[in-house]
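Numbering-wise, the sequence shown is residues 76 to 264 according to the numbering used here.
Glycine included, every Cβ here is placed at the ideal spot set by N, Cα and C.
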Amino acid sequence: MAGCDGRQIGLAQSEGNGRGTVVESRISQIIDGAVTDLGFRLVRVHYSGAKGGRSQLQIMAEPVEDREMTVEDCESVSRHVAALLDVEDPISDAYTLEVSSPGIDRPLTRVEDYERFAGELAKITLRFMLDGRKRFNGRLAGFDEDGKIVLETSFGRFAFSFDEIDSARIDPTEIFIREAKARQQAGPA
76 MAGCDGRQIG LAQSEGNGRG TVVESRISQI IDGAVTDLGF RLVRVHYSGA KGGRSQLQIM
136 AEPVEDREMT VEDCESVSRH VAALLDVEDP ISDAYTLEVS SPGIDRPLTR VEDYERFAGE
196 LAKITLRFML DGRKRFNGRL AGFDEDGKIV LETSFGRFAF SFDEIDSARI DPTEIFIREA
256 KARQQAGPA
């Protein structure tokens, strides 16, 4: 899916199905520009229909600039997104809107994420089996000459097209270790 300026959106990924639903894609189209105008990047849209209760719409966003997402940021995005969705009305039933940051185990939902997080550990689940498995853990290593996403694992180097990936997340193990070392070096507060 392409945004109004031609850039690839492709972020209606939901854990488990890879590309999201028509509703999630529609919501992404409606809110992406507004979220960007506020200085944030839309990471993921996930809609879960009501199962004996109220439906839930989860919007995951992060600041474009390199800083933490605050509660105030979430509130701002929530207000703007809610206003847009009230006008466009892509969900017919009542729902709860939840806006959050991606967190330390951030999902990788855009092709650009694999370049941005090159060098980090990641967990990737494929849509189909490759070498007898669907799940791969390793270090993101950018792209190969064919434009495939490269993952260095203890079993070797694997390359996947974006469309072959069902879901992917940053593995926070090394991040926790780096932060612990930084706190240790900083000493007592």
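{"Asked": "Proximity below 8 Å, CB of K223 to CB of F211", "Found": "no"}
{"Asked": "Assumed close pair S130, D168 - CB separation to whole angstroms, cut-off 8 Å", "Found": "6 Å"}
{"Asked": "D188, buried or exposed, once every other Cβ within 10 Å from all chains shown has been counted against 16", "Found": "buried"}
{"Asked": "Strand pairing of P182, partner residues [DSSP]", "Found": "R244"}
{"Asked": "Supposed close pair T200, D164 - CB separation, criterion 8 Å", "Found": "With a Cβ gap of about 33 Å, T200 and D164 do not count as contacting."}
{"Asked": "Chain-order list of residues whose beta-carbon lies under 7 Å from that of S153 (same chain, five-residue window excluded)", "Found": "L172, V174"}
{"Asked": "For T111, the three-state DSSP class (helix, strand or coil)", "Found": "helix"}
{"Asked": "Straight-line Cα distance separating G127 from Q83", "Found": "Any reading at Q83 must be qualified, since the residue scores a pLDDT of 31, below 50, and its modelled position is unreliable; the value itself is stated next. Between Q83 and G127, the C-alpha separation is close to 36 Å."}
{"Asked": "Inter-residue Cα distance where the pair is R202 and D238", "Found": "8 Å"}
{"Asked": "Secondary structure, alpha helix (DSSP H): runs of 4+ residues fully inside the stretch 102 to 168", "Found": "146 to 163"}
{"Asked": "Inter-residue Cα distance where the pair is V162 and R119", "Found": "21 Å"}
{"Asked": "Assumed close pair L205, G213 - CB separation to whole angstroms, cut-off 8 Å", "Found": "In fact, because the Cβ distance is near 13 Å, the residues do not count as touching under 8 Å."}
{"Asked": "Check whether P182 and R232 have beta carbons under 8 Å apart", "Found": "no"}
{"Asked": "Residues that DSSP places opposite V225 in a beta bridge", "Found": "A234"}
{"Asked": "The ligand FAD heavy atom lying under 7 Å from the CB of P182", "Found": "Ligands displayed in this structure: none; no statement on the ligand FAD is therefore possible."}
{"Asked": "Inter-residue spacing [alpha-carbon to alpha-carbon] between D107 and G262", "Found": "42 Å"}
{"Asked": "CA-to-CA distance, Q133 to F115, given in whole angstroms", "Found": "15 Å"}
{"Asked": "A197 - partner residues in DSSP beta bridges", "Found": "G213, I245"}
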